[in-house]
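There are 2 protein chains.
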Amino acid sequence: MGEKSTIVISGHQSISYFSDVRNLCWFLEPEFANSVVRLHKLVGNAITEDHHIVVGTGSTQLFQAVLYALSPPNASEPMNVVSAAPFYSSYPLLTDYLKSALYKWAGDAYEFSKDGPYIELVTSPNNPDGFTREPVVRRTKGLLVHDLAYYWPQYTPISFPADHDIMLFTVSKSTGHAGIRLGWALVKDREIAKKMINFIELNTIGVSRDSQLRAAKILQAVSESYDHVDNSKETEPFFEYGYNIMAKRWKQLRAAVNKSKLFSLPDFPPGTCTFTGRTFESQPAFAWLKCEGEIEDCESFLRRHKIWTRGGKYFGVSSKYVRISTLSRDETFDLFTERLSAMVLESP
Amino acid sequence: MGEKSTIVISGHQSISYFSDVRNLCWFLEPEFANSVVRLHKLVGNAITEDHHIVVGTGSTQLFQAVLYALSPPNASEPMNVVSAAPFYSSYPLLTDYLKSALYKWAGDAYEFSKDGPYIELVTSPNNPDGFTREPVVRRTKGLLVHDLAYYWPQYTPISFPADHDIMLFTVSKSTGHAGIRLGWALVKDREIAKKMINFIELNTIGVSRDSQLRAAKILQAVSESYDHVDNSKETEPFFEYGYNIMAKRWKQLRAAVNKSKLFSLPDFPPGTCTFTGRTFESQPAFAWLKCEGEIEDCESFLRRHKIWTRGGKYFGVSSKYVRISTLSRDETFDLFTERLSAMVLESP
Numbered sequence: 001m002g003e004k005s006t007i008v009i010s011g012h013q014s015i016s017y018f019s020d021v022r023n024l025c026w027f028l029e030p031e032f033a034n035s036v037v038r039l040h041k042l043v044g045n046a047i048t049e050d051h052h053i054v055v056g057t058g059s060t061q062l063f064q065a066v067l068y069a070l071s072p073p074n075a076s077e078p079m080n081v082v083s084a085a086p087f088y089s090s091y092p093l094l095t096d097y098l099k100s101a102l103y104k105w106a107g108d109a110y111e112f113s114k115d116g117p118y119i120e121l122v123t124s125p126n127n128p129d130g131f132t133r134e135p136v137v138r139r140t141k142g143l144l145v146h147d148l149a150y151y152w153p154q155y156t157p158i159s160f161p162a163d164h165d166i167m168l169f170t171v172s173k174s175t176g177h178a179g180i181r182l183g184w185a186l187v188k189d190r191e192i193a194k195k196m197i198n199f200i201e202l203n204t205i206g207v208s209r210d211s212q213l214r215a216a217k218i219l220q221a222v223s224e225s226y227d228h229v230d231n232s233k234e235t236e237p238f239f240e241y242g243y244n245i246m247a248k249r250w251k252q253l254r255a256a257v258n259k260s261k262l263f264s265l266p267d268f269p270p271g272t273c274t275f276t277g278r279t280f281e282s283q284p285a286f287a288w289l290k291c292e293g294e295i296e297d298c299e300s301f302l303r304r305h306k307i308w309t310r311g312g313k314y315f316g317v318s319s320k321y322v323r324i325s326t327l328s329r330d331e332t333f334d335l336f337t338e339r340l341s342a343m344v345l346e347s348p
Numbered sequence: 001m002g003e004k005s006t007i008v009i010s011g012h013q014s015i016s017y018f019s020d021v022r023n024l025c026w027f028l029e030p031e032f033a034n035s036v037v038r039l040h041k042l043v044g045n046a047i048t049e050d051h052h053i054v055v056g057t058g059s060t061q062l063f064q065a066v067l068y069a070l071s072p073p074n075a076s077e078p079m080n081v082v083s084a085a086p087f088y089s090s091y092p093l094l095t096d097y098l099k100s101a102l103y104k105w106a107g108d109a110y111e112f113s114k115d116g117p118y119i120e121l122v123t124s125p126n127n128p129d130g131f132t133r134e135p136v137v138r139r140t141k142g143l144l145v146h147d148l149a150y151y152w153p154q155y156t157p158i159s160f161p162a163d164h165d166i167m168l169f170t171v172s173k174s175t176g177h178a179g180i181r182l183g184w185a186l187v188k189d190r191e192i193a194k195k196m197i198n199f200i201e202l203n204t205i206g207v208s209r210d211s212q213l214r215a216a217k218i219l220q221a222v223s224e225s226y227d228h229v230d231n232s233k234e235t236e237p238f239f240e241y242g243y244n245i246m247a248k249r250w251k252q253l254r255a256a257v258n259k260s261k262l263f264s265l266p267d268f269p270p271g272t273c274t275f276t277g278r279t280f281e282s283q284p285a286f287a288w289l290k291c292e293g294e295i296e297d298c299e300s301f302l303r304r305h306k307i308w309t310r311g312g313k314y315f316g317v318s319s320k321y322v323r324i325s326t327l328s329r330d331e332t333f334d335l336f337t338e339r340l341s342a343m344v345l346e347s348p
C-alpha cells in the first residue's frame with residue numbers, strides 16, 4: 001500500500017510520556033483510538049460505543065491488566081482464573097509466572113467447581129482450535145473476559161457486533177503487525193478501565209507512542225481500502241486479500257490431511273459474514289490437528305517428520321492434538337503441507 | 001536536527017515478532033543495539049563489552065525483569081528488595097503491586113538487617129536527590145542492580161565507565177524521549193540476561209520494534225552530533241545543549257531558593273567530567289528541596305503556593321523534603337522559580 005501505510009516521525013515529535021491528558025487513558029494516542037473505532041464500525045465485529053478504549057503493549061499486557069483490575073486487592077484467597085480446554089497455552093503461564101497472591105490459574109473451565117468469584121476467559125474464535133465460543137461456567141460470581149483477537153473476517157464469518165463488558169483485540173492478529181506490540185481493550189465499566197490503566201502505568205508507564213502512531217496509519221489504510229472498491233488486484237480491500245490467502249491455505253491443508261489419512265482437522269459450520277455477505281467455514285490462524293489411530297504423542301511424531309508444533313498438553317488436553325500456525329510464510333506453509341501429505345504410518 | 005533524527009517506516013516493514021533470531025535477545029533490533037554501544041563508547045559512562053544488551057519497554061519493565069531474574073522460583077520466602085532512602089518512589093510500588101511470592105519490598109537499605117539473600121538497588125545519580133551512590137548493605141548474599149538512568153553528562157560529571165553486573169539505562173533520561181518507552185540493560189551473566197528476556201517474553205512478548213528503530217536513529221544522531229563539532233549553535237553537540245540548559249536552570253533555581261530563605265537544596269561536590277573535561281557540580285533532573293524551619297509538610301505547603309511536588313514520605317524520608325522535576329518546559333520552570341522566590345513565611 002506504499003505511502004498509504006508509511007509513517008514518518010521527526011526527532012522532536014511525541015517526546016512526552018503523555019498522549020492525551022484529557023483522556024482517562026492518558027497514554028492513548030487519539031489517532032489510534034479513532035482508527036480503532038473506524039475499523040470496528042466498518043467491519044461490524046464489535047461495539048465501541050459506551051466502551052473505554054485502553055491501549056496495551058499487545059493484548060498480552062492487556063490480559064494481565066484485566067487480571068489485576070478484576071482481582072480484589074485484599075482478598076484472603078487469590079481469584080480463580082479459568083478457560084475452557086483447549087485453552088490458549090499462554091493463559092496459565094501469564095497468570096502464574098509472578099506467583100501473585102491476587103489471582104491464580106484454576107484450569108479448565110469445564111472442570112471448575114469451586115464456589116466464589118472467578119474470571120472466565122472466553123476466546124472466540126478460540127486459540128488453538130478456531131471454534132466460536134460462549135462462557136461455560138455460567139455462575140453469578142463470574143467475571144467474563146472476551147478475547148476476540150481472531151474475530152476478523154479473514155478468519156471467520158462475522159456474525160454480530162460483539163458488545164461484551166471486556167473485549168480484547170490486537171494489531172498482530174488483525175493486520176499481522178506483531179512486532180508493533182499493540183493491542184486494545186474495549187471496556188464498559190469506568191472503574192475497571194481505570195484499574196487496567198493503573199496496571200499499565202505501573203508495568204510500563206504507558207505504551208509506545210510511535211507504535212500507536214504507526215498502527216493508526218495502518219488501520220486507517222485498512223479502512224480506506226474499502227473506500228473505493230473496484231475489484232482490481234491493486235486496490236484489493238485488506239480483508240479480501242487476507243480471506244483469499246486463508247481460503248487457499250485451508251484448502252491446501254485439508255487436501256494434505258485427506259491424503260495422509262493419519263490426521264484429522266476440526267470441521268466448522270458454515271456461517272454468513274455480515275461484513276462481506278459471503279457464506280463460508282472458519283479458516284483459523286491455527287490448524288488444530290489430531291493424530292488419529294495409535295499415535296499418542298502427536299508433537300513428537302511430527303517432529304520426527306520435521307514439523308515443529310505445540311502439543312495438546314500445553315492447551316490442557318490430550319497429546320494426540322497439536323497446534324500449528326497457518327500464518328507462516330508461503331514457502332514454510334507449502335513445505336509443511338508437502339511433508340504432511342507425504343507422511344505414512346511408520347512401522348512401530 | 002531535522003532529517004538526521006527522522007524515522008520512516010513502511011507498512012510492510014518489521015511485521016514479525018522477531019528482530020534477530022540469532023541473538024539471545026531475539027526481540028532486540030540490531031540497529032538499536034549498535035546505537036547503544038556507540039553512544040556508551042562516545043560518552044564513556046558504561047562498559048558494554050562482556051555485557052548482554054536486553055531491551056525493555058522502558059527501564060520500568062527492565063526493573064521488573066531484574067527482580068524476576070534474580071529471585072529463585074521456588075524459595076520459601078520472597079526475596080528482599082532494598083534501596084537506600086531517599087529511594088525512587090516507584091521501587092516499592094513496582095515490587096509489591098502484584099503481591100508476588102518471588103520478591104517483596106524491604107525498605108531502606110540503611111535499616112536492612114535480615115539475614116539471607118537480598119537485592120539492593122543502587123541508583124546513581126540518585127532519584128530523587130541527585131547524589132552519586134555506592135551500595136550500602138555490603139553483605140555476601142547481596143545482588144546489586146545499578147540504575148544509571150541519570151548517569152549522563154548533562155546531569156553529572158562522568159567520572160568513570162561503569163562496569164557493574166547489571167546496569168539499567170533509559171532513552172527517556174538520556175535524550176528525553178519518554179513516550180518512546182524504551183530502556184536497556186547491560187548484563188554480564190548470560191543466565192540472568194536469559195531470565196530477564198524470558199520475563200519480557202511473558203510480560204509483553206518483546207518490545208516495540210518501531211520504537212527501537214526510532215531510538216536507533218535518535219541515538220545515532222546524538223553520536224553524530226560529535227562528528228564535526230564547530231561550536232556553532234546550529235551543530236551544537238547534544239549533551240552540550242542539555243548541559244547548558246541544566247546549568248542555566250540550576251543557577252536560576254539556586255538563586256530563587258537563596259532569595260526565599262525558606263528552603264535548602266543539596267550541595268554537590270565539583271567533579272571533572274571525563275567526557276567533556278569540564279569541572280562542574282551535578283545539576284540533576286530533580287530538585288530535592290527541603291523546607292527549613294517549622295514547615296513540616298513541605299508538599300502541602302508548596303501546593304498552597306501552587307507548586308505541585310512529590311513529598312518525602314514517598315521516598316522513604318521526612319515530609320520536610322519534596323521532589324520537583326527540573327525537566328519541565330521553560331514556561332513552567334520559570335513560573336516555578338518565580339513562585340519559589342516570591343514565597344515568604346506565612347503567619348501560622
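In order, the protein sequences belong to chains A and B.
For the first sequence, UniProt numbering puts the final residue at 348, and the numbers step up evenly by one.
For the second sequence, UniProt numbering puts the final residue at 348, and the numbers step up evenly by one.
Beta carbons: idealized from backbone N, C-alpha and C, even for Gly.
Bear in mind the structure is a predicted one, so any value in this text is a computation, not a measurement.
Under the rule that 16 or more other beta-carbon atoms within 10 Å means buried, what is alanine 342(A), buried or exposed? The sequence position of residue 342(A) within the first sequence is 342, counting from 1. Alanine 342(A) is exposed by the Cβ-count criterion.
Phenylalanine 263(A) (DSSP reduced to helix, strand or coil): Along the first sequence, read from residue 1 onward, the residue named residue 263(A) stands at position 263. Here phenylalanine 263(A) sits in strand by DSSP.
Short of 7 Å in beta carbon distance, which residues of its chain neighbour glutamine 252(A), apart from the five on each side in sequence? Order them along the chain. The residue you call residue 252(A) lines up with position 252 of the first sequence. Hits under 7 Å: Thr337.
Partners in chain B for lysine 99(A), counting only beta-carbon separations shorter than 7 Å: As a working mapping, residue 99(A) is identified with position 99 in the first sequence. Ser100, Ala101, Leu102, listed in chain order.
Beta-carbon neighbours of glutamine 61(B), restricted to chain A and to distances below 8 Å: Here residue 61(B) refers to the residue found at position 61 when the second sequence is read from its first residue. In chain order: Asn203, Thr204.
Report the start-end ranges of each alpha helix (DSSP H) in the stretch 151–205 of chain A that is 4 residues or longer and not cut off at the edges. 171–174, 190–204
I'd like to know whether the C-beta of threonine 57(B) is nearer than 8 Å to at least one C-beta of chain A. By one-based count along the second sequence, residue 57(B) stands at place 57. Closer than 8 Å to some Cβ of chain A, the Cβ of threonine 57(B) qualifies, so yes.
Smallest Cα separation from methionine 246(B): which of Asp330(B), Thr204(B), Arg303(B)? Numbered from its first residue, the second sequence carries residue 246(B) at position 246. Comparing Cα-Cα distances from methionine 246(B) to each of Asp330(B), Thr204(B), Arg303(B), the minimum goes to Asp330(B).
Quick one: is histidine 12(B) buried, meaning 16 or more other Cβ sit within 10 Å of its Cβ, or exposed? Sequence index remark: in the second sequence, residue 12(B) carries index 12 (1-based). Exposed, since its Cβ has fewer than 16 Cβ neighbours within 10 Å.
Compute the beta-carbon to beta-carbon distance between phenylalanine 315(B) and alanine 85(B), rounded to the nearest angstrom, for a pair I have assumed lies under 8 Å. On the second sequence, residue 315(B) is found 315 positions in, with the first residue counted as 1. On the second sequence, residue 85(B) is found 85 positions in, with the first residue counted as 1. Sure, about 7 Å apart at Cβ, within 8 Å.
Isoleucine 15(A): contacting residues in chain B (beta-carbon distance under 7 Å): The residue labelled residue 15(A) in the question sits at position 15 within the first sequence. The contacting residues are Gly176, His177, Ala178, Gly179.
Beta-carbon proximity list for glutamate 3(B), same chain, < 7 Å, skipping 5 on both sides: Position 3 of the second sequence holds residue 3(B). No residues qualify anywhere along the chain.
By DSSP, does asparagine 80(A) sit in helix, in strand, or in coil? Your numbering for residue 80(A) matches position 80 in the first sequence. Strand, per DSSP.
Do the stretch 29–48 of chain B and the stretch 157–169 of chain B meet, that is, are 3 or more Cβ pairs less than 8 Å apart? yes
Does any residue of chain A bring its CB to less than 8 Å from the CB of isoleucine 53(B)? As a first step, residue 53(B) is located in the second sequence; it is residue number 53 there, counting from the start. Closer than 8 Å: no.
Please decide whether methionine 79(A) counts as near chain B, where near means a Cβ-Cβ distance under 8 Å. Position 79 of the first sequence, counting from 1, holds the residue named residue 79(A). Chain B, which has no Cβ nearer than 8 Å to the Cβ of methionine 79(A), makes this no.
Please list the partners that arginine 22(A) has in chain B, where partner means a Cβ-to-Cβ separation under 9 Å. Within the first sequence, the letter at position 22 stands for residue 22(A). Within 9 Å Cβ-Cβ: nothing; arginine 22(A) doesn't reach chain B, min ~16 Å.
Alpha-carbon to alpha-carbon, leucine 182(A) and tryptophan 288(B): Position 288 of the second sequence, counted from the first residue, corresponds to residue 288(B). Position 182 of the first sequence, counted from the first residue, corresponds to residue 182(A). Looking at the two C-alpha atoms, the distance is approximately 37 Å.
Residues of chain B with a CB under 7 Å from the CB of leucine 94(A): which are they? For the purposes of this step, residue 94(A) is taken as the residue at position 94 of the first sequence. Ordered by position in chain B, the residues that pass the 7 Å Cβ test against leucine 94(A) are Leu202.
Partner residues on chain B for methionine 1(A), Cβ-Cβ distance less than 7 Å: Taking the first residue of the first sequence as position 1, residue 1(A) is located at position 1. The contacting residues are Gly11.
Go through its chain and collect everything with a Cβ distance to histidine 305(A)'s Cβ below 7 Å, but skip five positions before and after it. Working through the first sequence from its first residue, we reach residue 305(A) at position 305. These residues qualify, in order along the chain: Arg339, Met343.
Ordered along the chain, which non-local residues of its own chain (more than five positions away) have a Cβ less than 8 Å from that of leucine 262(A)? Within the first sequence, the letter at position 262 stands for residue 262(A). Closer than 8 Å at Cβ, skipping near neighbours: Cys291, Glu292, Gly293, Ile295, Met343, Val344, Leu345.
Just to make sure I have the definition right: I need the residues of chain A whose C-beta is within less than 9 Å of the C-beta of valine 8(B). Which are they? To locate residue 8(B), count along the second sequence from 1; it is residue 8. Correct list: Thr6, Ile7, Val8, Ile9.
Specify the secondary structure class of glutamate 111(A) as computed by DSSP and reduced to three states. Within the first sequence, residue 111(A) is the residue found at index 111, counting from 1. Of the three classes helix, strand and coil, the one that applies to glutamate 111(A) here is helix, per DSSP.
Host alpha helix (DSSP H) of histidine 40(A) (start-end): The sequence position of residue 40(A) within the first sequence is 40, counting from 1. Histidine 40(A) -> alpha helix (DSSP H) spans 30–43.
Residue nearest to lysine 99(A) in terms of C-alpha spacing, selected from Arg133(A), Glu77(A), Ser113(A): Position 99 of the first sequence, counted from the first residue, corresponds to residue 99(A). Taking only the C-alpha atoms, the option nearest lysine 99(A) is Glu77(A).
Touching by the beta-carbon criterion (3+ pairs, under 8 Å), the stretch 141–150 of chain B and the stretch 21–38 of chain B: no
Check glycine 242(B) in the structure and name its three-state DSSP category. Walking along the second sequence from the start, residue 242(B) turns up at place 242. In this structure, glycine 242(B) counts as helix in the three-state DSSP scheme.
Check whether the stretch 188–207 of chain A touches the stretch 55–69 of chain B, counting contact only when three or more Cβ pairs, one atom from each stretch, lie closer than 8 Å. yes
Limits of the unbroken beta strand (DSSP E) element including aspartate 147(A): As a working mapping, residue 147(A) is identified with position 147 in the first sequence. Note, aspartate 147(A): beta strand (DSSP E), 142–147.
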